[in-house]
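Following: one structure in structure tokens, then a few remarks.
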Amino acid sequence: MHGHPLAALGGLAALLALTAGPAASPSPLADARMAEAAPKRPNVLFIYMDDHAAQTIGAYGSRFGPTPNIDSLAAEGMLFRNAFCTNSICAPARAVVLTGKHSHLNGVPDNGSTFDGAQETFPKALQAAGYRTAMIGKWHLRSTPTGFDHYEVLRGQGPYYNPVLLTPDGQQRHRGYTTEVITKRALAFLEEAASGEEPWLLMYQHKAPHRNWQPGPSEVGLFDDIEFPEPPTLFDDYATRNPGAASQEMSIATHLRDEYDLKLAPPPGLDEEQLATWKAAYDPRNEAFFADPPEGDARTRWNYQRYTKDYMRCIHGVDRQVGRVLEALERLELEDDTLVIYTSDQGFYLGEHGWYDKRWMYEESLRFPLIARWPGVIAPGSESTALVQNLDFAATFLELAGVPEAMSTQGESLVPLLEGTTPLTWRKDLYYRYYEVGEHAVPPHFGVRTETHKLIHFPDTGFTELFDLTTDPLEVHSVADDPEQQSLRGRLEARLRELAEEVGDELPPEEPN
Ligand code: CA
0 MHGHPLAALG
10 GLAALLALTA
20 GPAASPSPLA
30 DARMAEAAPK
40 RPNVLFIYMD
50 DHAAQTIGAY
60 GSRFGPTPNI
70 DSLAAEGMLF
80 RNAFCTNSIC
90 APARAVVLTG
100 KHSHLNGVPD
110 NGSTFDGAQE
120 TFPKALQAAG
130 YRTAMIGKWH
140 LRSTPTGFDH
150 YEVLRGQGPY
160 YNPVLLTPDG
170 QQRHRGYTTE
180 VITKRALAFL
190 EEAASGEEPW
200 LLMYQHKAPH
210 RNWQPGPSEV
220 GLFDDIEFPE
230 PPTLFDDYAT
240 RNPGAASQEM
250 SIATHLRDEY
260 DLKLAPPPGL
270 DEEQLATWKA
280 AYDPRNEAFF
290 ADPPEGDART
300 RWNYQRYTKD
310 YMRCIHGVDR
320 QVGRVLEALE
330 RLELEDDTLV
340 IYTSDQGFYL
350 GEHGWYDKRW
360 MYEESLRFPL
370 IARWPGVIAP
380 GSESTALVQN
390 LDFAATFLEL
400 AGVPEAMSTQ
410 GESLVPLLEG
420 TTPLTWRKDL
430 YYRYYEVGEH
440 AVPPHFGVRT
450 ETHKLIHFPD
460 TGFTELFDLT
470 TDPLEVHSVA
480 DDPEQQSLRG
490 RLEARLRELA
500 EEVGDELPPE
510 EPN
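Residue numbering for the sequence shown follows numbering that gives the first Met the number 0, starting at 0 and increasing by one per position.
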């Protein structure tokens with residue numbers, strides 16, 4: 000059923016939970032299903048963000064304040080503390096979600112790759128199992144979407160304003176802020192799906208808050224009069240880290256572009272009314288900047304405030320739209336029959352290590368937010384600290400659709416976790432690999448993260464980093480060369496090779512350190 004031995008155990012346990020009688024299984028979901036002649040399969044609303052960092056969500060303890068509607072999902076559902084991607088970049092993460100397989104198997108190791116839509120995906124399996132399937136919003140996989148009864152997608156990155164959506168009937172131009180346009184189309188799908196008998200899958204996928212973080216007309220002036228707290232590593236010196244940490248091209252101090260990233264000029268593509276709203280918000284602040292431009296560390300701090308505010312404005316735009324969608328679920332009486340997932344393709348740096356962007360195996364970009372709500376199944380206000388991955392979505396949705404063996408994946412179904420039980424066989428560590436060479440100059444690397452430690456290897460330089468996450472959660476002091484850590488280092492290096500073999504990946508040859 001699953002390629003990964005551990006996954007096979009987890010999947011088997013979950014399968015037993017679904018099929019065994021009440022005496023053999025403590026699963027409330029199984030009990031509920033046993034009580035019904037024809038168990039009802041839940042709808043799945045998959046809210047997928049682009050670059051939304053967990054540390055910017057109120058429910059995760061954000062230093063940027065509350066995100067009311069997203070936080071309400073956590074209050075009514077389960078928040079996952081340890082959700083990690085396998086390859087922290089946009090298109091590859093999307094391919095992992097759809098296939099439940101690592102990058103070396105799904106054909107999308109980097110953003111330059113085209114997704115082969117002929118391969119097995121969970122939307123195809125759900126569609127074959129009788130689900131009505133839709134993909135609305137950011138697709139970002141170059142090929143035409145497959146496995147969807149309905150799609151309206153941004154072909155590439157797409158603009159923040161006045162997007163063109165590709166549909167099976169050709170391209171359709173919309174006026175307005177893209178976060179709101181995507182929501183409007185998602186709401187239209189929900190209205191229609193609510194009148195049907197079959198369960199549905201809606202992948203509602205935002206462009207926001209991807210770079211260059213253009214806020215909508217309702218959020219342009221938000222946070223203008225406050226200062227966001229800085230992270231402790233804003234001025235990281237990268238001591239003990241691999242040489243690439245210092246030579247990357249994603250630093251807030253030097254790599255943000257004045258016009259494009261920092262909005263010192265208005266963006267192209269706005270109509271007259273949108274431009275007037277934009278200029279009313281930005282012009283006075285920009286005039287103050289040009290009258291007395293900050294320099295050195297003061298400029299870094301100014302850059303930090305400017306781009307994190309734009310990022311959070313985008314988040315608040317999404318939060319408001321998520322509120323509309325949750326209201327629609329309630330109004331259409333879909334709430335009780337719908338599993339809502341709120342998540343993102345990967346995390347993002349909000350000044351941690353002096354960075355924006357993602358890619359690295361360090362916590363802020365390795366972790367993605369994951370919140371799940373399903374009334375009657377998921378306990379309100381619950382949390383899971385289990386190590387979960389974006390590999391796991393496919394296996395989860397296949398199980399909920401009653402077709403756990405419809406395709407093979409390398410993930411494990413999250414259903415037992417959602418029900419409040421972490422199987423004893425659940426993974427204790429995970430495999431990561433970043434491949435892309437190019438933009439932002441982040442060197443390729445791979446590694447293993449356990450519940451307490453992380454080992455990362457950079458094959459181009461032969462450099463290895465080892466972090467004790469219990470004593471160094473900010474990952475600023477690699478202990479890879481500490482004499483007393485050599486036994487642990489050896490064990491983790493062996494485990495990394497073992498994990499690579501388990502997932503069927505071939506690691507590049509070792510370079511001398
Ligand atoms: Ca992304």
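All residues carry an ideal CB built from backbone N, CA and C; glycine is no exception. In this text, all values refer to a predicted model and were calculated from it rather than measured experimentally.
- Isoleucine 135 places its beta carbon 8 Å or farther from that of isoleucine 370.
- Boundaries of the beta strand (DSSP E) around aspartate 428: 428-433.
- Counted as a single uninterrupted DSSP element, the beta strand (DSSP E) harbouring valine 43 occupies residues 42-48.
- Ligand 1 never approaches glutamine 484 closely enough for any of its heavy atoms to be under 7 Å from the residue's Cβ.
- Measuring C-alpha to C-alpha distances from threonine 132 to each of Leu189, Thr85 and Glu363 identifies Leu189 as the nearest.
- Looking at the backbone, the Cα of arginine 210 and that of leucine 333 are separated by about 34 Å.
- Of the residues Ile455, Gly195, Lys308 and Tyr431, the one whose Cα lies closest to the Cα of proline 208 is Lys308.
- In this structure the region 398-417 does not lie against the region 60-75, because fewer than three pairs of beta carbons, one per stretch, are closer than 8 Å.
- Between threonine 239 and serine 477, the C-beta spacing is below 8 Å.
- Between the alpha carbons of serine 381 and glutamate 398 lies a gap of roughly 21 Å.
- If you ignore the 5 residues before and after threonine 276, its C-beta comes within less than 8 Å of the C-beta of Pro216 and Val219, all in its own chain and listed in chain order.
- For glutamate 151, the three-state secondary structure derived from DSSP is strand.
- Residue environment for valine 96: buried (at least 16 other C-beta atoms within 10 angstroms of its C-beta).
- The DSSP assignment places no complete run of the alpha helix (DSSP H) inside the region 165-191 (cut-off: 4 residues).
- Annotated as distal: alanine 58 and glutamate 363, with beta-carbon spacing of 8 Å or more.
- Per DSSP, isoleucine 69 is one residue of the alpha helix (DSSP H) stretching across 67-75.
- The beta carbon of leucine 44 is closer than 6 Å to those of Leu201, Thr337 and Val339 in its chain, skipping five residues each way along the sequence.
- If you draw a straight line from the Cα of valine 376 to the Cα of leucine 72, it comes to about 14 Å.
- Rounded to the nearest whole angstrom, the CA to CA distance from proline 242 to serine 112 is 27 Å.
- Take the alpha-carbon of phenylalanine 121 and the one of proline 198: they are about 15 Å apart.
- For the region 111-153, the full-length alpha helix (DSSP H) segments reaching 4 residues or more read 121-127 along the chain.
- Glutamine 273 and proline 292 have their C-alpha atoms some 27 Å from each other.
- Within the same chain, Gly350 and Glu351 come within 6 Å of proline 230 by CB-CB distance, once the 5 residues on both sides are set aside.
- Cβ neighbours of threonine 460 within its own chain (closer than 8 Å, five residues either side excluded): Asn241, Pro242, Gly243, Pro442 and Glu510.
- Assignment of glycine 446 by DSSP, reduced to helix, strand and coil, places it in the strand class.
- Distance between threonine 384 and alanine 280, taken at the CA atoms: about 41 Å.
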